[in-house]
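Colleague: Oh and the sequence shown: position 106 is 106 in the UniProt record's numbering, straight run, nothing missing. Quick reminder that beta carbons are idealized off the backbone N, C-alpha and C, glycines included. One structure, as structure tokens, below. Some questions next.
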Amino acid sequence: DVDPFSFDTKEGFMLDHVVGGRLLYPFTGFIVLAWRAICKFGGTNYLTTSVVLENFVVHRAVFITRSTQLDVIVSPCNGNFEILNDGQLSASGKIFIVENGKEKEKVDENDTVGSWKNELDNSDLFVLQASDIYKEFLLRGYEFGPSFRCIEETRSDGLKGTIRWQDNWVTFLDATIQTLLIADKRRSSYGAMKLPTKVRYLSINPTKHMQHVLKTG
1 DVDPFSFDTK EGFMLDHVVG GRLLYPFTGF IVLAWRAICK FGGTNYLTTS
51 VVLENFVVHR AVFITRSTQL DVIVSPCNGN FEILNDGQLS ASGKIFIVEN
101 GKEKEKVDEN DTVGSWKNEL DNSDLFVLQA SDIYKEFLLR GYEFGPSFRC
151 IEETRSDGLK GTIRWQDNWV TFLDATIQTL LIADKRRSSY GAMKLPTKVR
201 YLSINPTKHM QHVLKTG
């Protein structure tokens with residue numbers, strides 16, 4: 001069950017994910033649910049287990065109420081999973097545990113290390129601060145509370161920035177998507193922001209992540 005309203009719940013942060021005036025279950029919440037489920041089957045702690053997610057799709061938005069219940073069905077043999085809400089398919093995809101964190105990076109054939117380095121080193125783009133970022137979100141109906149305001153700054157193309165780590169994978173992953181929403185909005189002639197519904201490939205290595213967090217403080 002999802003109950004962020006409970007006084008002692010660990011899911012209280014979800015009360016800060018308001019879109020269009022309604023409590024929307026976070027896109028990244030589904031990802032973390034699948035991650036935790038596959039690790040439970042494997043008898044491992046998800047906080048120390050690397051995973052790869054493929055062809056992840058949210059089919060149906062879930063608005064949080066006191067009676068919201070999500071069920072995760074995972075096939076350990078092939079990694080296929082479904083997340084159901086009231087018996088209806090809400091999300092699906094494929095997830096598998098990566099042994100020793102040795103995941104293979106999937107890079108588009110048109111991308112090269114050199115081209116990405118040039119993009120990252122581009123100094124002609126301006127940097128947006130948190131106050132400006134979340135003002136833009138608010139104007140478009142994304143009424144994020146403190147837990148979902150993790151971006152401290154981001155470059156206008158979304159490829160470089162600073163995200164605050166709050167010991168919460170749902171809010172951290174959500175913030176990475178927010179940087180892309182800001183970038184897409186600025187590329188769009190309509191200035192629109194679209195809720196994400198698909199992820200083709202995502203690699204998560206929590207051990208490397210925490211090493212970086214400890215190194216950078």
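By the three-class DSSP mapping on this structure, what secondary structure does I83 have?
Modeller: Stepping through the sequence shown from its first residue, residue 83 is reached at position 83. Looking at I83 - three-state DSSP - the assignment turns out to be strand.
Colleague: Taking three-plus beta-carbon pairs below 8 Å as touching, is the stretch 16 to 32 in contact with the stretch 150 to 164?
Modeller: Between the stretch 16 to 32 and the stretch 150 to 164 there are fewer than three inter-stretch CB-CB distances shorter than 8 Å, so the stretches are not counted as touching.
Colleague: When DSSP labels each residue in this structure, what does V107 get in the three-state scheme?
Modeller: Counting from 1 along the sequence shown, the entry for residue 107 is found at position 107. Here the model assigns V107 a pLDDT of 44, short of 50, so the residue's position is not dependable, and the following value carries that caveat. It is coil, neither helix nor strand.
Colleague: With a threshold of 7 Å on Cβ separation, who are the neighbours of E82 within its own chain once the five nearest residues in sequence on each side are excluded?
Modeller: Sequence index remark: in the sequence shown, residue 82 carries index 82 (1-based). The residues are I73, L89 and S92.
Colleague: Please specify which runs of the alpha helix (DSSP H), each continuous and at least 4 residues long, are wholly inside the stretch 16 to 61, giving them in chain order.
Modeller: 27 to 42
Colleague: Please report whether the beta-carbon of Q88 lies at a distance below 8 Å from any beta-carbon of chain B.
Modeller: The chain labelled as chain B is not found in the depicted structure, where only one protein chain is given.
Colleague: In or out: F126 buried (at least 16 other Cβ within 10 Å) or exposed?
Modeller: As a first step, residue 126 is located in the sequence shown; it is residue number 126 there, counting from the start. With fewer than 16 Cβ atoms within 10 Å of its Cβ, F126 is classed as exposed.
Colleague: Closest by CA to R149, which one among V98, I163, G141 and L159?
Modeller: In the sequence shown, the residue the question calls residue 149 occupies position 149. Minimum Cα distance to R149 is reached at I163.
Colleague: In the DSSP output, what is I95 paired with across the bridge?
Modeller: As a first step, residue 95 must be located in the sequence shown, where it is residue number 95. Looking at the DSSP assignment, I95 forms a beta bridge with L53.
Colleague: Taking DSSP as the reference, what is the three-state secondary structure of K198?
Modeller: Numbered from 1 along the sequence shown, position 198 holds the residue referred to as residue 198. DSSP places K198 in strand when its eight states are reduced to three.
Colleague: Any contact of the stretch 168 to 177 with the stretch 9 to 27, i.e. 3+ C-beta pairs under 8 Å?
Modeller: Under the 8 Å Cβ criterion, the stretch 168 to 177 counts as touching the stretch 9 to 27, having at least three qualifying pairs.
Colleague: Report yes if the CB atom of T197 is closer than 8 Å to the CB atom of V57, and no otherwise.
Modeller: For this step, residue 197 is matched to residue 197 along the sequence shown. For this step, residue 57 is matched to residue 57 along the sequence shown. The answer is yes: Cβ separation under 8 Å.
Colleague: R155 bridges to which residues according to DSSP?
Modeller: Walking along the sequence shown from the start, residue 155 turns up at place 155. BP columns for R155 point to V127.
Colleague: Report all residues from its chain with a CB closer than 7 Å to the CB of P146; omit the five preceding and five following residues, and keep chain order.
Modeller: Reading the sequence shown from its first residue, position 146 is the one you call residue 146. D16, listed in sequence order.
Colleague: What first and last residue would you give for the beta strand (DSSP E) that runs through T216?
Modeller: One-based indexing of the sequence shown puts residue 216 at position 216. Segment P206 to T216 is the alpha helix (DSSP H) holding T216; no beta strand (DSSP E) there.
Colleague: Could you tell me which of L47, V52, G42 and F63 sits nearest to H209, measuring between CA atoms?
Modeller: Locating residue 209 in the sequence shown gives position 209, counting from the first residue. Considering only alpha carbons, the answer is L47.
Colleague: Straight-line CA distance for L53 to T68?
Modeller: The residue labelled residue 53 in the question sits at position 53 within the sequence shown. The residue labelled residue 68 in the question sits at position 68 within the sequence shown. Using only the alpha carbons, I get a separation of about 25 Å.
Colleague: If R55 and K94 are in contact, beta carbons under 8 Å, what's the gap, nearest whole angstrom?
Modeller: The residue labelled residue 55 in the question sits at position 55 within the sequence shown. The residue labelled residue 94 in the question sits at position 94 within the sequence shown. For clarity, residue 55 is Asn in the given sequence; the question names Arg instead. Going by Cβ atoms, the distance from N55 to K94 rounds to 6 Å, so yes, they are a contact pair.
Colleague: In this structure, how does DSSP classify Q178 when only helix, strand and coil are distinguished?
Modeller: Residue mapping note: residue 178 aligns to position 178 of the sequence shown, counting from 1. Of the three classes helix, strand and coil, the one that applies to Q178 here is helix, per DSSP.
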